[in-house]
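*Asks:* Residue numbers (my numbering), protein chains in the order written: chain A, 1 to 325; chain B, 1001 to 1181.
Before anything else, here's the structure in question.
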Amino acid sequence: MNDSHPDKLEAVDHLVARYLHRQAEQIDATRLAARVRAQWLSSTTEPQMSTPPTKERSPAPSRRWAQRAAWAVATTLLLFAGFIGGRHLASSSASAAVILRDVHSAHLQDVDRCYRVQFAPDPKYWDGKNQFKGPSESVLWTRGDRFWADVQIAKIRLLIGRDEEGTLWASPSPSKGIRFTDRLSDLPEEVEFACRVNSMSLPALVEDVLADFDLRSHGPSSHAGAATNLVWANLKPGRSHRLLSTALLEIDARSDVIMRLVLWTIDEGEPKGTITFTLIDSDTIGDAQYRLEAHVDAGATIERHDLTRPTPASPPAASPTNGKL
Amino acid sequence: MEADLAETTQSKSDRDALNSWVSETCPAALAYAISLVHDVGTAEDLVHDCYGRLLEKADQYDLLQDGRPLLFKAITNACINWTRRKSPVVGLDRVAPPATRRDSAPEHALMYRELEEAIGVALAELEVQQRAVVELQALGHSLVEVAEMLELSQSNTRVLLHRARKQLARRLQPFLEENPK
């Protein structure tokens, strides 16, 4: 009986069918089924509301600078210049999820990565007057949840970062540093958003920042000889986000590292501008660089600020706690 | 008020039915996807996404009636696209010489496991489209349905199926001789 004999081919079908049936019996699909149901139920039952606008804060004068700086950084470090490579393969949010999982693994490696961050305001958003709303450029180092950035907004230069303990800090000059005492979850939304984005921490970026977004991949495409995957994040139907309308991730297909991240930001529903993160270096710079101490002089004044808004029942945190290094 | 209540009840009933549909179809769908992509995590992500897209359109399709072929079509295409996008890495454990029966008389369980492994290896060696065709057919889909799922002509599908079966028959020769059905 040769390989093409009908009985033999039929026997093959029988073996394959039995094999697949057996595999299905052995596989524990309960976790996946629960995941599918949970997502579906959340999309059908969740109230589809936009994030309520944060109340206007009335910070004490001594805290205003810190708040303004943080806002400026959030604005500045929000991203970017458009880059869209060729797209020629079918879109797939499934492959997007796979790509992002690989990206997550790549960004878990103990490597410090350096990104150039450019903010290009939308002409409707920036009238050329308020310097804090204007174009800005910064250099961002990031590893895991840590980051530090050298930010230039108009004539103002500012360093900002988050250390291994999650403490957010800023330094307007070598003689002065500020530590923000809030936990990440207590920070104003804009600042928290900037921290999550700037740390480039997957899955924080994907699960938190882009939680309300549909992810779709386009790629691989070839740009300057390097194969890249593009992942677009667009708001899910009926969802809204207070700060972001669209995101684009350009990922090196070989190393799974984010080469470029573009965020289309919004302000009260109107286009605010684009923020672009472009990978410019990878190196090992050490833990110390993510700490405030590495960026201020010995003996510099260190203030402690609280970014959370005061509640009526508690006195406003008007006075920063000053200290010397 | 009563209309709202009726609508709510109907909605809950539909949701329960679709929940059951997910539970019932999920094991076979996942097993099929794993067989195509050879990676549990990837298969879960792909299947999850396919369910998501179908359930989003639950108001347009009768998923309880027609959902299974739609689901398997979506999974087939997602897995084939994923496989083609990734470089064809086949684990060393998947590359094996043609299956051979052991000389010593194996116990039934051992022989069964041997057969399972041999089928798994033989399927893994097929080109992904052939694998999809032969598996979909083994899962009970007609040639016409399989052709439609893969968006191929029936003649092309038939050729793919024939080649896949032939290759499998060659690889599983010792088992087929021992136990043709």
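From the three backbone atoms N, C-alpha and C, an ideal C-beta is built for every residue, glycine too.
I think A1164/B touches V1144/B, with their Cβ atoms under 8 Å apart; what is that distance to the nearest whole Å?
*Replies:* To locate residue 1164/B, count along the second sequence from 1; it is residue 164. To locate residue 1144/B, count along the second sequence from 1; it is residue 144. The Cβ separation is near 17 Å, so there is no contact.
*Asks:* Hey, how far is the Cα of D252/A from the Cα of T278/A?
*Replies:* Your numbering for residue 252/A matches position 252 in the first sequence. Your numbering for residue 278/A matches position 278 in the first sequence. One C-alpha to the other measures close to 12 Å.
*Asks:* For A96/A, count neighbouring C-beta atoms within 10 Å of its own C-beta (all shown protein chains included) and say buried if the count is 16 or more, exposed if not.
*Replies:* As a working mapping, residue 96/A is identified with position 96 in the first sequence. Flag for A96/A reads buried.
*Asks:* My output table needs one value for T1042/B: the three-state DSSP class, helix, strand or coil.
*Replies:* As a working mapping, residue 1042/B is identified with position 42 in the second sequence. Helix, per DSSP.
*Asks:* With 16 as the cutoff for other CB atoms within 10 Å, does S1155/B come out buried or exposed?
*Replies:* Locating residue 1155/B in the second sequence gives position 155, where the first residue counts as 1. Exposed, by the Cβ-count rule.
*Asks:* In the DSSP assignment, what are the bridge partners of G177/A?
*Replies:* What you label residue 177/A is simply residue 177 of the first sequence in a count that begins at 1. Paired residue(s): I302/A.
*Asks:* Counting C-beta neighbours from all protein chains within 10 Å, is the total for E303/A 16 or more, i.e. buried, or is it exposed?
*Replies:* Residue numbering aside, residue 303/A sits at position 303 when the first sequence is read from its first letter. By the 10 Å Cβ count, E303/A comes out buried.
*Asks:* Give, in chain order, every unbroken run of the beta strand (DSSP E) that is at least 3 residues long and sits entirely within the segment 231 to 311 of chain A.
*Replies:* 244 to 252, 258 to 267, 270 to 283 and 301 to 305
*Asks:* Consult DSSP for D13/A and reduce its assignment to one of helix, strand or coil.
*Replies:* Position 13 of the first sequence, counting from 1, holds the residue named residue 13/A. Helix.
*Asks:* Is E137/A near V117/A, with beta carbons less than 8 Å apart?
*Replies:* Within the first sequence, residue 137/A is the residue found at index 137, counting from 1. Within the first sequence, residue 117/A is the residue found at index 117, counting from 1. For E137/A and V117/A, yes; Cβs fall inside 8 Å.
*Asks:* For V1022/B and S1013/B, what's the separation of their Cα atoms in angstroms?
*Replies:* For the purposes of this step, residue 1022/B is taken as residue 22 along the second sequence, with counting starting at 1. For the purposes of this step, residue 1013/B is taken as residue 13 along the second sequence, with counting starting at 1. Each residue's alpha carbon lies about 14 Å from the other.
*Asks:* Tell me, to the nearest whole angstrom, how far the beta carbon of T284/A is from that of V262/A; I am working on the premise that it is less than 8 Å.
*Replies:* Stepping through the first sequence from its first residue, residue 284/A is reached at position 284. Stepping through the first sequence from its first residue, residue 262/A is reached at position 262. Not really, about 27 Å apart at Cβ, beyond 8 Å.
*Asks:* What does the alpha-carbon distance come out to for the pair K133/A and W126/A?
*Replies:* Here residue 133/A is taken as the residue at index 133 of the first sequence, counted from 1. Here residue 126/A is taken as the residue at index 126 of the first sequence, counted from 1. Distance between the alpha carbons of K133/A and W126/A: 6 Å.
*Asks:* Looking at the unbroken beta strand (DSSP E) that takes in T167/A, where does it start and where does it end?
*Replies:* The residue labelled residue 167/A in the question sits at position 167 within the first sequence. Careful: T167/A lies outside any beta strand (DSSP E) and carries neither H nor E.
*Asks:* Run down chain B in chain order and give the residues with a C-beta less than 7 Å from the C-beta of A35/A.
*Replies:* Sequence index remark: in the first sequence, residue 35/A carries index 35 (1-based). According to the sequence as given, residue 35/A is Arg; it is not Ala. H1048, listed in chain order.
*Asks:* Taking the beta strand (DSSP E) that S1153/B falls in, what are its first and last residues?
*Replies:* Translated into the one-based positions of the second sequence, residue 1153/B becomes position 153. Looking at the DSSP string, S1153/B is not in any beta strand (DSSP E), and its letter there is neither H nor E.
*Asks:* Mapping the DSSP letters down to three states, classify S1142/B as helix, strand or coil.
*Replies:* Counting from 1 along the second sequence, the entry for residue 1142/B is found at position 142. Correct three-state label for S1142/B: coil.
*Asks:* Taking Cβ-Cβ distances below 9 Å as the criterion, which residues of the segment 226 to 250 of chain A are in contact with chain B?
*Replies:* N229 and P237
*Asks:* Would T1042/B and M1149/B qualify as a contact pair, given that the criterion is a beta-carbon distance under 8 Å?
*Replies:* In the second sequence, residue 1042/B corresponds to position 42, counting from 1. In the second sequence, residue 1149/B corresponds to position 149, counting from 1. Taking 8 Å as the Cβ cut-off, T1042/B and M1149/B do not qualify as a contacting pair.
*Asks:* Does any residue of chain A bring its CB to less than 8 Å from the CB of Q1137/B?
*Replies:* Taking the second sequence and counting its residues from 1, one reaches residue 1137/B at position 137. Answer yes: the Cβ-Cβ gap between Q1137/B and chain A drops below 8 Å somewhere.
*Asks:* Which residues in the same chain as L1126/B place their Cβ atom closer than 8 Å to its Cβ, once the five residues preceding and following it in sequence are excluded?
*Replies:* Taking the first residue of the second sequence as 1, we reach residue 1126/B at position 126. Closer than 8 Å at the Cβ level, and outside the excluded window around L1126/B, lie V1134, A1164, Q1167 and L1168.
*Asks:* Could you pull out every residue in the same chain whose Cβ sits closer than 7 Å to the Cβ of A106/A, ignoring the five residues on either side in sequence?
*Replies:* Here residue 106/A corresponds to residue number 106 of the first sequence, with the count starting at 1. Excluding residues within five positions, the ones whose Cβ falls inside 7 Å are S255, D256 and V257.
*Asks:* Assign N1081/B to one of two classes, buried (16 or more other C-beta atoms within 10 Å of its C-beta) or exposed (fewer than that).
*Replies:* To locate residue 1081/B, count along the second sequence from 1; it is residue 81. It counts as buried.
*Asks:* Give me the DSSP bridge partner(s) of W1082/B.
*Replies:* What you label residue 1082/B is simply residue 82 of the second sequence in a count that begins at 1. W1082/B is not bridged to any residue.
*Asks:* Whole-angstrom Cβ separation of A1017/B and L1064/B, contact assumed at under 8 Å?
*Replies:* Taking the first residue of the second sequence as 1, we reach residue 1017/B at position 17. Taking the first residue of the second sequence as 1, we reach residue 1064/B at position 64. That pair is a contact at about 6 Å.
*Asks:* To the nearest angstrom, report how far apart E329/A and L292/A are at their CA atoms.
*Replies:* The requested residue 329/A is not part of the displayed model; chain A covers only 1 to 325.
*Asks:* Relative to the alpha-carbon of V103/A, which residue among S217/A, D297/A and V296/A has its alpha-carbon at the smallest distance?
*Replies:* Indexing the first sequence from 1 puts residue 103/A at position 103. Closest by alpha carbon: S217/A.
*Asks:* When burial is assigned at 16 or more other CB atoms within 10 Å of the CB, is P121/A buried or exposed?
*Replies:* Against the first sequence, residue 121/A aligns to sequence position 121. Residue burial is scored here from C-beta neighbours: P121/A has at least 16 other C-beta atoms within 10 angstroms and is therefore classed as buried.
*Asks:* T1042/B touches chain A at which residues, Cβ-Cβ below 7 Å?
*Replies:* Residue numbering aside, residue 1042/B sits at position 42 when the second sequence is read from its first letter. In chain order: V98.
*Asks:* Helix, strand or coil for L77/A, going by three-state DSSP, please let me know.
*Replies:* Mapped onto the first sequence, residue 77/A falls at position 77. Annotation note: pLDDT 39 at L77/A (below 50); position unreliable, coordinate value reported separately. Three-state DSSP puts L77/A in a helix.
*Asks:* Give the straight-line distance between the Cα atoms of I178/A and Q1060/B, rounded to the nearest whole angstrom.
*Replies:* As a first step, residue 178/A is located in the first sequence; it is residue number 178 there, counting from the start. As a first step, residue 1060/B is located in the second sequence; it is residue number 60 there, counting from the start. Each residue's alpha carbon lies about 56 Å from the other.
*Asks:* Let me know the secondary structure DSSP gives P121/A once reduced to three states.
*Replies:* The sequence position of residue 121/A within the first sequence is 121, counting from 1. In the structure shown, the three-state DSSP call for P121/A is strand.
*Asks:* Can you tell me whether L244/A sits near the ligand ZN, meaning its C-beta is under 7 Å from at least one heavy atom of the ligand?
*Replies:* You won't find the ligand ZN in this model; it holds no ligand whatsoever.
*Asks:* Short check: CB of A1074/B to CB of L1054/B, under 8 Å?
*Replies:* Counting from one through the second sequence, the residue named residue 1074/B turns up at place 74. Counting from one through the second sequence, the residue named residue 1054/B turns up at place 54. Yes, the pair counts as a contact, with Cβ atoms nearer than the cut-off.
*Asks:* Would you please state the rounded distance, in angstroms, between the beta carbons of D150/A and Y290/A? I believe it to be under 8 Å.
*Replies:* As a position in the first sequence, residue 150/A is number 150, starting the count at 1. As a position in the first sequence, residue 290/A is number 290, starting the count at 1. The beta-carbon distance between D150/A and Y290/A, rounded to whole angstroms, is 13 Å. This is too long to meet the 8 Å contact definition.
*Asks:* C114/A bridges to which residues according to DSSP?
*Replies:* By 1-based counting over the first sequence, the position of residue 114/A is 114. Assignment of beta-bridge partners to C114/A by DSSP yields W141/A and D281/A.
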